[in-house]
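2 protein chains.
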Amino acid sequence: MSVTLKDIARECGVDVSTVSRCLSGFNGVHKSTRAKVVAVAARLNYRPNRLAMGLVTGKSRTLAMIISDIRNPFFADLARGAEDAAFAAGYELVLCNSDLNPSKESFYVHSLLEKRVEGILMNSVSGLSHEEQEELSQSGVPIVLLNRPASSVRLRGFSTVVSDNSTGGFIAGKYLADLGHRVIGHLTGSVQHGNLRDRTQGFRKALQETDAQATSIVIHGRHSIEGGYNMMQRLLREQKGMTAVFAGNDAMAFGAIRAIFEAGQRVPDDISVIGFDDVELGTIIRPPLTTIHHPKYEMGRAAVEVLLQHSAQGEAATPEHRMMEVKLVERKSCRRITGVK
Amino acid sequence: MSVTLKDIARECGVDVSTVSRCLSGFNGVHKSTRAKVVAVAARLNYRPNRLAMGLVTGKSRTLAMIISDIRNPFFADLARGAEDAAFAAGYELVLCNSDLNPSKESFYVHSLLEKRVEGILMNSVSGLSHEEQEELSQSGVPIVLLNRPASSVRLRGFSTVVSDNSTGGFIAGKYLADLGHRVIGHLTGSVQHGNLRDRTQGFRKALQETDAQATSIVIHGRHSIEGGYNMMQRLLREQKGMTAVFAGNDAMAFGAIRAIFEAGQRVPDDISVIGFDDVELGTIIRPPLTTIHHPKYEMGRAAVEVLLQHSAQGEAATPEHRMMEVKLVERKSCRRITGVK
DNA sequence: CTGAAAGCGCTTACAG
DNA sequence: CTGAAAGCGCTTACAG
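Going down the list, the sequences are from chains A and B.
Read in order, the letters of the first sequence are residues 1 to 341 in my numbering.
Read in order, the letters of the second sequence are residues 1001 to 1341 in my numbering.
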């Protein structure tokens, strides 16, 4: 049906191997031969069959990404970064939504291995049995775990890309302390959540280092808008001297801001709020949210760079653990406590 | 390196063709042979090479989606619906972000054809030259245009999936009129934008049909938060008797709400606002936005159903134009005008 | 029910 | 610089 090397060969009166060499940019071919072949290929509208190429070369020129749900803007950013990097390298990216469902995760991994993808980005391997994880790491296809600290990977062979959460927490704490805040609330999630835990730890370190008199009140809850709302209500009731709050993520910050307004107080006049993540909504609400920028897009890019590098190195490749820089994004939700330098 | 049919054949003392038949679920094989082959395949951890299978069968079991940017929540919803339907059918979905850039669009289309994808979803073909569009439609791979009205497709051969925008506009207009509003503003975008145009047309029809005395003021601008904000400011200055506004999309509605608040008025007490799309932010803001639900996820699903159907029908397939149902989502941003039934 | 053969569309040593 | 051959890992008529 579609035109193949054989068709071009016949048309040009040469062997298919010659046609292949001409079209692949191989050097040892006569200029005139190449010119003719290229012209005929163009005229016939030849499209190489990548399936056949992949079969012989063993390379499919495709990468895959298994995430929980692309509708979560965090993953959408990641996916865009990953796809841009893949595109730049001439690779395709296949998208898989696992919902963290073990059987879907496992199904995807197998399908992808069968399709001979050259690398997989995933935000979790927890749905896979120990045997499957082992098989994956033995399979030779590079894997990078997204948004997971290096410490979280039990199996050798997996790379990781993660933001520098602890430095981010540190920056938030230092920023608030430098603004003169002395009693600071901190809203966070379960201690199971490694990234949030690191943010908390950095935050605590900052308070200790920058101002011995600053005290923090840490409260755990659900790391959602709802959770932030509930935690903030409690804090508002129980903590009278508090002038600032560091929310472990922007969602909690949004909930906190709502609770503050509903209690008849103002942000930042009465209470300063700083978040973490830098999601789009933070630029839309009033006041715009000061937060720690989490380089989601860049994480996606970095992850495929790692993948591609590994793929190029082959068996010799050794897992890489990349940590991404975070930074303060100052908007309007925090204020300086007057009377303090 | 990885285990192939040949390895299993050797191990079992049978021919590779027999192994193939056993593993493919073909009927004419002896039970005991199959049992043995299946057992050995499992023991050796055999993974079929889909590239090889694809080469012989001509089917890659993959679909692709070319959209502007996955970070736009609209496309993320679409992508999720599409991927779920693809997953259910045993297909993989490759994700391409074109930014509506002609050279990227064209690059993707060619790559995908070379990879022998079995269908492509795209939200635009405007980046492709006339020749490329022609080539695409000749290629035999099913194409569905996402969120494009059937009328927009010049070339035979392309299917479309689109929401029933005109009915949506009608519902919005009727809802407001039934609530007793008599002077209603309508914020919309450029007349180039077919979907917005259809919404406007439905809206007008509703006002005519349901209440001859209702009048509408239509204003055109950018179909963004910013645009809605600007248009609303103008309306507020110029139109005194207006009690309600229909924004052509939720983004414009958000901008309008901001403008209303800044003018010292309240939603819905002074002015009722209804949007279109039903994006997540509408549930988060105060008051929660009444809007027309646009079935984004379902559009994605429907699009791959169309694709798969075509792929199954082969050459006999004829383009299909699917229109998705919209519905009113009543929240808190519209009120009844008292004294009116 | 099973084996041997041909073929899917390419690439890549190996000769010449 | 080019051709002939072998092979990538499968499937699928064709015999038997």
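Even for Gly, the Cβ is constructed at its ideal location relative to N, Cα and C.
Keep in mind it's a predicted model, so treat the numbers as computed, not measured.
Rounded to the nearest angstrom, the gap between the Cα atoms of Q1133 (chain B) and R1148 (chain B) is 16 angstroms. Ranked by how close their Cα comes to the Cα of G248 (chain A), the residues A:T200, A:H294, A:I217, A:A206 have A:T200 in first place.
Within chain A, the C-beta atoms nearer than 8 angstroms to that of V1094 (chain B) come from T62, E92, L93, V94, L95, in chain order.
Beta-bridge analysis with DSSP links S163 (chain A) to A:M324. Sixteen is the threshold: when 16 or more other Cβ atoms of the shown chains lie within 10 Å of the Cβ of S1166 (chain B), as they do, the residue is buried. For P48 (chain A), the chain B residues whose Cβ falls inside 9 angstroms of its Cβ are E1114, in order along the chain. Residue nearest to S1103 (chain B) within the set B:G1127, B:N1097, B:E1092 is B:G1127 (criterion: CA-CA distance). Between G1255 (chain B) and E1280 (chain B), the CB-CB gap reaches or exceeds 8 angstroms. Bounds of the beta strand (DSSP E) holding A247 (chain A) are 244-247. Under the three-pair Cβ rule at 8 angstroms, the region 1180-1192 of chain B does not count as touching the region 1149-1164 of chain B.
If only complete runs of 3 or more residues are kept, the region 108-138 of chain A shows the beta strand (DSSP E) at 120-122, in order along the chain. A direct Cα-to-Cα measurement between V1191 (chain B) and N1097 (chain B) gives close to 26 angstroms. Take K36 (chain A), set aside five residues on each side of it, and the residues of its chain with a beta-carbon closer than 6 angstroms to its own are C12, in chain order. Just measuring C-alpha positions, the residue of A:P268, A:S272, A:V161 sitting nearest M323 (chain A) is A:V161.
When DSSP states are grouped into helix, strand and coil, A214 (chain A) belongs to the coil group. DSSP places A1259 (chain B) inside the alpha helix (DSSP H), whose first and last residues are 1250-1262.
Interface residue (Cβ-Cβ distance to chain A less than 8 angstroms): S1111 (chain B) is classified as such. It is roughly 47 angstroms from the alpha-carbon of A88 (chain A) to the alpha-carbon of I217 (chain A). In terms of Cβ geometry, P287 (chain A) and K327 (chain A) do not form a close pair [threshold 8 angstroms].
When secondary structure is reduced to three states using DSSP, G314 (chain A) falls in the helix class.
Below the 9 angstroms Cβ cutoff, chain A contributes no neighbours of D1198 (chain B), its closest Cβ being approximately 26 angstroms away.
Within the same chain, Cβ atoms closer than 8 angstroms to the Cβ of G90 (chain A) are found at R61, the five residues on either side in sequence being excluded.
Contact annotation for A1052 (chain B) against chain A: L55 [CB-CB distance below 7 angstroms, chain order]. Judged by beta-carbon spacing, L1121 (chain B) lies within the 8 angstroms limit of V1144 (chain B), meaning their Cβ atoms are closer than that value.
In this structure, V1094 (chain B) sits near E92 (chain A), with a CB-CB distance shorter than 8 angstroms.
Residue-level contact check: D69 (chain A) touches chain B, since one or more beta carbons of chain B fall below 8 angstroms from its beta carbon. In this structure, I1070 (chain B) lies near A76 (chain A), with their beta-carbon atoms less than 8 angstroms apart. With distances taken between CA atoms, D99 (chain A) lies nearest to A:N123 out of A:V245, A:A86, A:E83, A:N123. Counting only the Cα atoms, Q138 (chain A) lies some 39 angstroms from A251 (chain A).
Distance from the CA atom of Q1313 (chain B) to the CA atom of R1266 (chain B), rounded to whole angstroms, is 56 angstroms. Taking 8 angstroms as the threshold, the shortest C-beta distance from A39 (chain A) to chain B does not fall below it. For the region 1158-1192 of chain B, the set of residues with a beta-carbon nearer than 8 angstroms to any beta-carbon of chain A is empty. Within the model, the alpha-carbon separation for V3 (chain A) versus R1222 (chain B) is close to 46 angstroms. Taking all protein chains shown into account, S24 (chain A) has fewer than 16 neighbouring C-beta atoms within 10 Å of its C-beta and is therefore exposed. Annotation: T57 (chain A) to L51 (chain A) spans about 10 angstroms, alpha carbon to alpha carbon. Rounded to whole angstroms, the gap between the alpha carbons of A82 (chain A) and I284 (chain A) is 26 angstroms.
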